[in-house]
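**Q**
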Amino acid sequence: YPLNGAAKEEDLDDLDFPQRYLEYYYNLGKDTKQVYRSKDNGPVIKKTQEMQKFLGLEVTGKLDLDTLEMMRKPRCGVPDVGQ
Amino acid sequence: FHDFLGTPKWRKNHLTYRIVNYTQDLPREAVDSAIEKALRVWEEVSTLTFSRMHEGEADIMISFAVREHGDFYPFDGPGKSLAHAYPPGPGFYGDVHFDDDEKWTEDTSGTNLFLVAAHELGHSLGLFHSDDPEALMYPLYSSFRDLTQFRLSQDDVDGIQSLYGPPPTSPDTPVVPTESSPLESKIPAACDPALSFDAVSTLRGEILFFKDRYLWRKLHWKPQPEFHLISTFWPSLPSDLDAAYEVISKDTVFIFKGNKFWALRGSEVQAGYPKSIHTLGLPPAIQKIDAAVSDKEKKKTYFFTGDKYWRFDEKRQSMEQGFPRLIADDFPGVDGKVDAVVQSFGFFYFFSGSTQLEFDPNARMVTHIFKSNSWLLC
């Protein structure tokens, strides 16, 4: 994330947004909580790749700007995978 | 396309829906119309048909809500999740919930209700999200530049037809209830040279040909007419109608049988009907009419019975003085009993038995004679 000025509360919330997105729409297990802030993020990379493939993005496993932009788009509340 | 785990689907072709509440963003009629249009998207490519309920439990209950709204899947304020829906099944299954923190609009200036409704109804019918970015069932919302160009993608069509099959294409195979009706009558054949009609009317650009319990539906973008039971669209309407006409400025089709008439708006029978035909100003001695047609340009409606006709002024909402008059006097060439009349491309088409007369009201003469079933690709 570009470090431009003090993080606003919303920005702090933002740090969890990708995690919540993958949990809700791509069945990321809740036990991988806060994994973005730890080294071992295998399951998240896998889920991120799954999401990128489903949404037609380049599959990098990384939360690049394109991916984040796609995740922020308005969408249907039904999950994309799982039930 | 994908379906839900276990491929839940409706075990019947005719489904009911109910709009439980409304968003303040749009007039009620706009919400009604958006939902109707969204249902029609799926109706036109499958065997499914829909009719509306105003109370009680419908198959598909449609509502607007914000945040936590009782199904453990709270909405999240403006943006992000716009709506969600449940796969086919009893109770809350099949239902559609719209996030009323969105700005719902008829165009694409906000979140287009028709587009989101069509997507969510895909879920209600059993379709899961598709990874085809062109598909309506793709999970991310994207507003089309020109909504009039909206089309289902082939992926969507393949998906819904994998669950319910394509619409009936042959005029001889109507969508009929699975249990046979004790009053089973012969099914009329479109290309029977002796075919005549009970009533013919336009309806939002389509033309409906009523016969016994059935109707042919002529869509201008589809050469092959569809064949349905009248009750598929309007369960409360009788069969063997006398007359039908559309007043386009009111988006209403009026249906006549005996001394009663109904008003339809899309698939909805308007409250307060049937009414007596005498409320229109027809004399008490008239207990039924043969045919009727409303002239879109002149805002006049013609009622035909026997060899006479009356004329109703739609602007003044009253029958005109000086009627009845003889049909033959004002429509030279039109003689014999009129079964039905429809206006199309400025001509009146008079149906009498298996013969159809094209009448030019400006030239006041019959310009062509066709078979009555010429509209049905025979």
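Protein chains in written order, with the working numbering: chain A, 240 to 322; chain B, 693 to 1070. Every residue, glycine too, gets a C-beta built ideally from N, C-alpha and C.
1) Which value, in whole angstroms, describes the spacing of the CA atoms of B:E871 and A:L296?
2) Listed from N- to C-terminal order along the chain, which residues in the segment 809-831 of chain B have their beta-carbon within a distance smaller than 8 angstroms of any beta-carbon of chain A?
3) Below 8 angstroms, can you find three or more Cβ-Cβ pairs linking the segment 708-727 of chain B to the segment 799-810 of chain B?
4) Is the beta carbon of B:S959 less than 7 angstroms from the beta carbon of B:F925?
5) Just curious, the beta strand (DSSP E) that B:Q1035 is in, first and last residue?
6) Quick one: give me the first and last residue of the alpha helix (DSSP H) that A:I284 is part of.
7) I need the straight-line Cα distance from B:D793 to B:G769, nearest angstrom please.
8) Mind listing, in chain order, the continuous alpha helix (DSSP H) runs of no fewer than 4 residues lying wholly within the segment 1019-1065 of chain B?
9) Give me the DSSP bridge partner(s) of B:V945.
10) Would the segment 750-769 of chain B and the segment 819-838 of chain B be scored as touching if the rule is three or more Cβ pairs under 8 angstroms?
11) With distances taken between CB atoms, is the gap from B:H821 to B:P831 smaller than 7 angstroms?
12) B:H920 to A:L267, Cα distance in whole Å?
13) So, does the CB of A:V298 fall closer than 7 angstroms to a CB anywhere in chain B?
14) I'd like to confirm the pairing. Which residues does DSSP put opposite B:T993 in its beta bridges?
15) Are the beta-carbon atoms belonging to B:S968 and B:V939 less than 7 angstroms from one another?
16) Can you grab the Cα-Cα spacing for the pair B:P860 / B:L819, in whole Å?
17) Looking only at its chain, what residues have a beta carbon closer than 6 angstroms to the beta carbon of B:L911, apart from the 5 residues adjacent to it on each side?
18) Near B:A1020, which residues of its chain fall below 8 angstroms by C-beta distance, leaving aside the five closest residues on each side in sequence?
19) By DSSP, does B:F806 sit in helix, in strand, or in coil?
20) Helix, strand or coil for B:P1016 per DSSP?
21) Between A:M310, A:T299 and A:L294, which has its C-alpha nearest A:I284's C-alpha?
22) What's the gap between the Cα of B:S928 and the Cα of B:V961?
23) From which residue to which residue does the alpha helix (DSSP H) around B:E728 run?
24) Residues in its own chain within less than 6 angstroms of B:R720 by CB, not counting five upstream and five downstream?
25) Could you check how far apart the C-beta atoms of B:F1041 and B:T993 are, in whole angstroms? I think they sit under 8 angstroms.
26) From A:L261, A:T287 and A:G316, pick the residue whose C-alpha is nearest to that of B:A775; which is it?
27) Answer with buried or exposed for B:H1060, where buried requires no fewer than 16 other C-beta atoms within 10 angstroms of its C-beta.
**A** For this structure:
1) Walking along the second sequence from the start, residue 871 of chain B turns up at place 179. Walking along the first sequence from the start, residue 296 of chain A turns up at place 57. In this prediction, B:E871 scores a pLDDT of 39, lower than 50, which makes its location untrustworthy; the coordinate-derived value is nonetheless stated afterwards. Distance between the alpha carbons of B:E871 and A:L296 is about 49 angstroms.
2) H811, E812, H815, F820, H821, D823, P825 and P831
3) Cβ pair count under 8 angstroms is three or more, so yes.
4) Reading the second sequence from its first residue, position 267 is the one you call residue 959 of chain B. Reading the second sequence from its first residue, position 233 is the one you call residue 925 of chain B. Contact flag set, yes.
5) Here residue 1035 of chain B corresponds to residue number 343 of the second sequence, with the count starting at 1. Counting along the chain, the beta strand (DSSP E) containing B:Q1035 begins and ends at A1032 to S1036.
6) Residue mapping note: residue 284 of chain A aligns to position 45 of the first sequence, counting from 1. Element bounds for A:I284: G281 to F293.
7) The count along the second sequence starts at 1 and reaches residue 793 of chain B at position 101. The count along the second sequence starts at 1 and reaches residue 769 of chain B at position 77. Rounded to the nearest angstrom, the two C-alpha atoms are 5 angstroms apart.
8) 1019-1022
9) Position 253 of the second sequence, counted from the first residue, corresponds to residue 945 of chain B. In the DSSP output, where bridge partners are listed per residue, B:V945 has B:E938 and B:L956.
10) Not touching, per the Cβ criterion.
11) As a first step, residue 821 of chain B must be located in the second sequence, where it is residue number 129. As a first step, residue 831 of chain B must be located in the second sequence, where it is residue number 139. The answer is yes: Cβ separation under 7 angstroms.
12) As a working mapping, residue 920 of chain B is identified with position 228 in the second sequence. As a working mapping, residue 267 of chain A is identified with position 28 in the first sequence. The alpha-carbon atoms of B:H920 and A:L267 are separated by roughly 47 angstroms.
13) Locating residue 298 of chain A in the first sequence gives position 59, counting from the first residue. Output row for A:V298: interface = no.
14) Taking the second sequence and counting its residues from 1, the one referred to as residue 993 of chain B is at position 301. B:S986 and B:F1004.
15) The residue you call residue 968 of chain B lines up with position 276 of the second sequence. The residue you call residue 939 of chain B lines up with position 247 of the second sequence. No, these two residues do not count as a Cβ contact at 7 angstroms.
16) What you label residue 860 of chain B is simply residue 168 of the second sequence in a count that begins at 1. What you label residue 819 of chain B is simply residue 127 of the second sequence in a count that begins at 1. Approximately 21 angstroms between the Cα atoms of the pair.
17) Numbered from 1 along the second sequence, position 219 holds the residue referred to as residue 911 of chain B. Counting only Cβ-Cβ distances below 6 angstroms, and skipping sequence neighbours, we find E898.
18) Taking the first residue of the second sequence as position 1, residue 1020 of chain B is located at position 328. Contacts found: D999, V1026 and D1027.
19) Here residue 806 of chain B corresponds to residue number 114 of the second sequence, with the count starting at 1. B:F806: helix per DSSP, three-state reduction.
20) As a first step, residue 1016 of chain B must be located in the second sequence, where it is residue number 324. Three-state result, B:P1016: coil.
21) Residue 284 of chain A sits at position 45 when you count from the first residue of the first sequence. The residue with the shortest Cα to Cα distance from A:I284 is A:T299.
22) The count along the second sequence starts at 1 and reaches residue 928 of chain B at position 236. The count along the second sequence starts at 1 and reaches residue 961 of chain B at position 269. Those two C-alpha atoms are separated by around 8 angstroms.
23) Taking the second sequence and counting its residues from 1, one reaches residue 728 of chain B at position 36. R720 to E735 is the extent of the alpha helix (DSSP H) around B:E728.
24) As a first step, residue 720 of chain B must be located in the second sequence, where it is residue number 28. Here the set comprises Y714.
25) Translated into positions along the second sequence, residue 1041 of chain B becomes position 349. Translated into positions along the second sequence, residue 993 of chain B becomes position 301. Phe is not the amino acid found at residue 1041 of chain B; the sequence shown has Tyr there. About 16 angstroms separates the two Cβ atoms, so there is no contact after all.
26) What you label residue 775 of chain B is simply residue 83 of the second sequence in a count that begins at 1. Looking at the Cα atoms, A:G316 is the closest of the given residues.
27) To locate residue 1060 of chain B, count along the second sequence from 1; it is residue 368. B:H1060 is exposed by the Cβ-count criterion.
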